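*Asks:* Supplied in structure tokens, the structure appears directly below.
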Amino acid sequence: MSRHYARQLGCLMVEGPHDAELCYRLLSTSGLKRVQHLSRLELAFKDLVPTKFPHGDDLQKRMPVPLFLQSDQWSIAIHSAVGDSRLVNALEETLALLPAQNWAGLGLMLDADHDGSPAQRFDAVIQAMETKHLGLPLPQQPGQVMAGTPRVGVYVLPDNQSTGTLEDLLLESAAIQFPHLLPLAHQYVDDAKARGQLPVSHLEDFSKPSGHKKAVVGAMAAVFRPGKAVQVSIQDNDWLRGPALNLPRIQAVQSFLQQLFEVAPAPTDNLPTEN
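Just so you know, we're using my numbering here: the sequence shown kicks off at 466 and counts up by one.
Spelled out as structure tokens, the structure:
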């Protein structure tokens, strides 16, 4: 039986912290703010916060604390599942703590960097959800939000049609947000590959389909936030602000999130303060 909560509850499963920050930035324009303190967290979400260390047997593994966002109307948990293979499992674990009828919106976001086309990746996720008998209304295509209790949607980055990742969207943004830095970052990465005389063993990640794009984004983020992870730059810098929000593929991701959680965009893009 569902319970009445002060806010509507939403949950989004993403592959990693970069994707979580993408969603935070796009939802922040609708007034959702990051929750920093447990004392201010929606009571229904307290069970989603791990209380025992280590989580499992791995002492080096990051504690799987979701990124929590709140407004007067909504509380949303964004889980970094750390890999696409964990997305549906993480959703199942969340529904075991808080059953489906308590949620207003549930979403999954993955990329199409490898292992098939966006349609194939979407089909694999839907099949996994069907196999687990989660009792959810399942969308028929990527990017679609199924009406119901809860609403359910699956988005395949960068645009539900093309092979790629979040970095494709960030580089599109960089072309208009950072037009002078972007070519310098490309030149640096190209020169490092061509003339760096680097051992092949050091280039395993760089040689992956999205390796070059990730390196360019990382080079730019290192200028903005030296010594910090890329997700910090996504949060703090102008990758997903102002004119970037008018880019069709970024607009499409934002529209998906707004439909999934039934939130309206604010008139202006103001950086929210943390709770």
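Virtual Cβ for every residue (Gly too), placed ideally from N, Cα, C.
Predicted, not measured: the structure shown is a model, and the values here were computed from it.
Would DSSP call R472 helix, strand or coil?
*Replies:* Here residue 472 refers to the residue found at position 7 of the sequence shown. Three-state DSSP puts R472 in coil, outside helix and strand.
*Asks:* Enumerated in chain order, which unbroken segments of the beta strand (DSSP E) with a length of 3 residues or greater are wholly contained in the region 599-630?
*Replies:* The region 599-630 contains these whole beta strand (DSSP E) runs: 616-622.
*Asks:* Once the 5 residues before and after E480 are set aside, which same chain residues still bring their CB inside 8 angstroms of it?
*Replies:* Here residue 480 refers to the residue found at position 15 when the sequence shown is read from its first residue. So the list reads S545, A546, V547, G548, D549, L552, M574, L575, D576, once near-sequence residues are dropped.
*Asks:* Which same chain residues end up closer than 8 angstroms to P604 when comparing Cβ atoms and leaving out the 5 residues on each side of it in sequence?
*Replies:* As a first step, residue 604 is located in the sequence shown; it is residue number 139 there, counting from the start. Excluding sequence neighbours, P604 sits near I591, V610, M611, V617, G618, V619.
*Asks:* Between the alpha carbons of R706 and I641, how many angstroms are there, rounded?
*Replies:* By 1-based counting over the sequence shown, the position of residue 706 is 241. By 1-based counting over the sequence shown, the position of residue 641 is 176. Computed Cα separation, rounded: 11 angstroms.
*Asks:* With three or more beta-carbon pairs closer than 8 angstroms as the criterion, would you say the region 619-637 touches the region 673-680?
*Replies:* The answer is yes - the region 673-680 touches the region 619-637, with three or more Cβ pairs under 8 angstroms.
*Asks:* Where do the ends of the alpha helix (DSSP H) carrying G676 lie?
*Replies:* Stepping through the sequence shown from its first residue, residue 676 is reached at position 211. It spans 676-689 - the alpha helix (DSSP H) in which G676 sits, taken as one unbroken run.
*Asks:* A657 to G683, Cα distance in whole Å?
*Replies:* Stepping through the sequence shown from its first residue, residue 657 is reached at position 192. Stepping through the sequence shown from its first residue, residue 683 is reached at position 218. In a straight line, the C-alpha of A657 is about 14 angstroms away from that of G683.
*Asks:* By Cβ distance below 7 angstroms, which residues in the same chain neighbour V681 in space, the five residues on each side in sequence not counted?
*Replies:* In the sequence shown, the residue the question calls residue 681 occupies position 216. Within the same chain, V681 has close Cβ partners L636, A650, H651, V654.
*Asks:* Below 8 angstroms on the Cβ atoms is my guess for W568 versus C476; work out the distance and round it to an integer in Å.
*Replies:* For this step, residue 568 is matched to residue 103 along the sequence shown. For this step, residue 476 is matched to residue 11 along the sequence shown. Right, the Cβ-Cβ distance comes to about 6 angstroms (below 8 angstroms), so this counts as a contact.
*Asks:* Helix, strand or coil for S545, going by three-state DSSP, please let me know.
*Replies:* In the sequence shown, residue 545 corresponds to position 80, counting from 1. Strand at S545.
*Asks:* My output table needs one value for D734: the three-state DSSP class, helix, strand or coil.
*Replies:* For this step, residue 734 is matched to residue 269 along the sequence shown. With a pLDDT of 45 at D734, under the threshold of 50, the predicted position of this residue should be treated as unreliable, and no value is reported.
*Asks:* Hey, how far is the Cα of A471 from the Cα of D670?
*Replies:* Residue mapping note: residue 471 aligns to position 6 of the sequence shown, counting from 1. Residue mapping note: residue 670 aligns to position 205 of the sequence shown, counting from 1. If you take the alpha carbons of A471 and D670, they lie about 45 angstroms apart.
*Asks:* Give the DSSP-derived three-state secondary structure of A577 in the structure shown.
*Replies:* For the purposes of this step, residue 577 is taken as residue 112 along the sequence shown, with counting starting at 1. If DSSP states are grouped into helix, strand and coil, A577 belongs with the strands.
*Asks:* Would you say D512 faces chain B, with C-beta separation under 7 angstroms as the test?
*Replies:* As a matter of chain content, chain B is missing from the structure shown, which is built from one protein chain.
*Asks:* Spatial neighbours of N625 within its chain, please: C-beta separation below 6 angstroms, excluding the five flanking residues on both sides.
*Replies:* Translated into positions along the sequence shown, residue 625 becomes position 160. So the list reads P583, P607, G608, once near-sequence residues are dropped.
*Asks:* If the criterion is Cβ atoms closer than 7 angstroms, does the pair S493 and V728 meet it?
*Replies:* Residue mapping note: residue 493 aligns to position 28 of the sequence shown, counting from 1. Residue mapping note: residue 728 aligns to position 263 of the sequence shown, counting from 1. The answer is no: Cβ separation not under 7 angstroms.
*Asks:* Since S536 contacts L497 with CB under 8 angstroms, what's their CB separation in whole angstroms?
*Replies:* To locate residue 536, count along the sequence shown from 1; it is residue 71. To locate residue 497, count along the sequence shown from 1; it is residue 32. So it is a contact: roughly 5 angstroms between Cβ atoms.
*Asks:* Between the beta-carbon of H483 and the beta-carbon of Q696, is there less than 7 angstroms?
*Replies:* Your numbering for residue 483 matches position 18 in the sequence shown. Your numbering for residue 696 matches position 231 in the sequence shown. Yes, the Cβ-Cβ distance between H483 and Q696 is below 7 angstroms.
*Asks:* So, is P615 buried or exposed, given that buried needs 16 or more other C-beta atoms within 10 angstroms?
*Replies:* Against the sequence shown, residue 615 aligns to sequence position 150. With 16 or more other Cβ atoms within 10 Å, it is buried.
*Asks:* Taking all protein chains shown into account, do 16 or more other C-beta atoms lie within 10 angstroms of the C-beta of P623, making it buried, or fewer, making it exposed?
*Replies:* As a first step, residue 623 must be located in the sequence shown, where it is residue number 158. With 16 or more Cβ atoms within 10 Å of its Cβ, P623 is classed as buried.
*Asks:* If you compare alpha carbons, which of V500, G600, P664, Q700 is closest to F533?
*Replies:* Numbered from its first residue, the sequence shown carries residue 533 at position 68. Among V500, G600, P664, Q700, the Cα nearest to that of F533 is on V500.
*Asks:* List the residues that DSSP assigns as beta-bridge partners of R551.
*Replies:* What you label residue 551 is simply residue 86 of the sequence shown in a count that begins at 1. According to DSSP, R551 bridges with nothing at all.
*Asks:* Mind checking which residues open and close the alpha helix (DSSP H) that includes F587?
*Replies:* Looking up residue 587 in the sequence shown gives position 122. Residues 583-596.
*Asks:* In angstroms with no decimal places, state the Cα-to-Cα distance between A485 and I543.
*Replies:* One-based indexing of the sequence shown puts residue 485 at position 20. One-based indexing of the sequence shown puts residue 543 at position 78. Computed Cα separation, rounded: 6 angstroms.
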